[in-house]
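Chains W and B, in that order, give the protein sequences.
Sequential numbering from 1 applies to the first sequence in my numbering.
Sequential numbering from 1 applies to the second sequence in my numbering.
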Amino acid sequence: AQTVTQSQPEMSVQEAETVTLSCTYDTSESDYYLFWYKQPPSRQMILVIRQEAYKQQNATENRFSVNFQKAAKSFSLKISDSQLGDAAMYFCAYTGWETSGSRLTFGEGTQLTVNP
Amino acid sequence: KAGVTQTPRYLIKTRGQQVTLSCSPISGHRSVSWYQQTPGQGLQFLFEYFSETQRNKGNFPGRFSGRQFSNSRSEMNVSTLELGDSALYLCASSWGGGNQPQHFGDGTRLSIL
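Written out as structure tokens, the structure is:
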């Protein structure tokens, strides 16, 4: 079974600085997708960024980028120029093309605080 | 384009009752997935429906069931409610492929007294 682990229950960052959230996963599948979702207090899960495992290039979306290390099964999220609106719970998620369909396996989450 | 709509937003029930939650996906999306979110267990996958068929199922007891209608709207039913069923229930929709990002609703907060 696939597992996703986020070892940082809480992180904090100063506004305008950079922070990196860690995620590791375990799978025997060769083709899969990884995602970072953000859940603010409003509860709605919002997709931040996604990475296809077959792509070697790290995904980027404006201030958000990932460091995808396939051999190490590591998938960290870097937030640059942090803003107050980035404060939220961040979840790393996995889905495998062969066995999971649209099923997402989530990590435990990291609560990010942004200090003014 | 309207997002994923879940109703109701809040629900209070007592043990032994049953409950039905509703999810309307984004127009055109054929896959609807349900997740349970609790402080202790985190986010857990319940099931996924695609074109009215259950395509994937998590490790939940048979008290948890669902269905999908021809317009892709989905309902989730929980029978014989237990205190441990108190949770935020999230619905997500997508076009259906694993590589497709899932779009989540605001969730239904279910409290069991």
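Even for Gly, the Cβ is constructed at its ideal location relative to N, Cα and C.
Owing to the predicted nature of the structure, the values given are computational and were not obtained by experimental measurement.
Please determine, among the options, the residue with the shortest C-alpha to C-alpha distance to residue i.
i               : options                       : result
P116 of chain W : W:Q8, W:T5, W:V4, W:Q14       : W:Q14
L83 of chain B  : B:T7, B:R15, B:L11            : B:R15
T5 of chain B   : B:I112, B:S70, B:G105, B:S111 : B:G105
T108 of chain B : B:Q102, B:V78, B:R55          : B:V78
Q69 of chain W  : W:G85, W:A93, W:Q51, W:E61    : W:Q51
G107 of chain W : B:G42, B:K13, B:R30, B:L11    : B:G42
S117 of chain W : W:I46, W:K73, W:D81           : For residue 117 of chain W there is no data in the structure shown, the boundaries of chain W being 1 and 116.
S76 of chain W  : W:T27, W:I46, W:F91           : W:F91
R83 of chain W  : W:N62, W:A71, W:V66, W:S102   : Before going further, note that residue 83 of chain W is Gln rather than Arg in the sequence given. Nearest C-alpha to Q83 of chain W: W:N62.
L81 of chain B  : B:A2, B:T7, B:I12, B:P8       : B:I12
Would the beta-carbon of residue i fall within 7 Å of that of residue j?
i               : j              : result
V48 of chain W  : K55 of chain W : no
Y49 of chain B  : L90 of chain B : no
V32 of chain B  : P39 of chain B : no
F60 of chain B  : L46 of chain B : yes
L104 of chain W : T95 of chain W : yes
T110 of chain W : L34 of chain W : no
S111 of chain B : S86 of chain B : yes
A16 of chain W  : D81 of chain W : yes
L88 of chain B  : Q37 of chain B : yes
What does DSSP give as the partner residues of residue i in its beta bridges?
i               : result
W36 of chain W  : W:I49, W:C92
I79 of chain W  : W:V19, W:F64
I112 of chain B : B:K13
Y25 of chain W  : W:V4
W34 of chain B  : B:F47, B:C91
R67 of chain B  : B:E75
Q69 of chain W  : W:S74
Compute the beta-carbon to beta-carbon distance between residue i and residue j, rounded to the nearest angstrom, for a pair I have assumed lies under 8 Å.
i              : j               : result
Y25 of chain W : Q8 of chain W   : Their Cβ separation, rounded to whole angstroms, is 15 Å, which puts Y25 of chain W and Q8 of chain W out of contact at 8 Å.
A93 of chain W : V4 of chain W   : 7 Å
W95 of chain B : R30 of chain B  : 7 Å
Q44 of chain B : G58 of chain B  : 6 Å
A92 of chain B : Q100 of chain B : So it is not a contact: roughly 11 Å between Cβ atoms.
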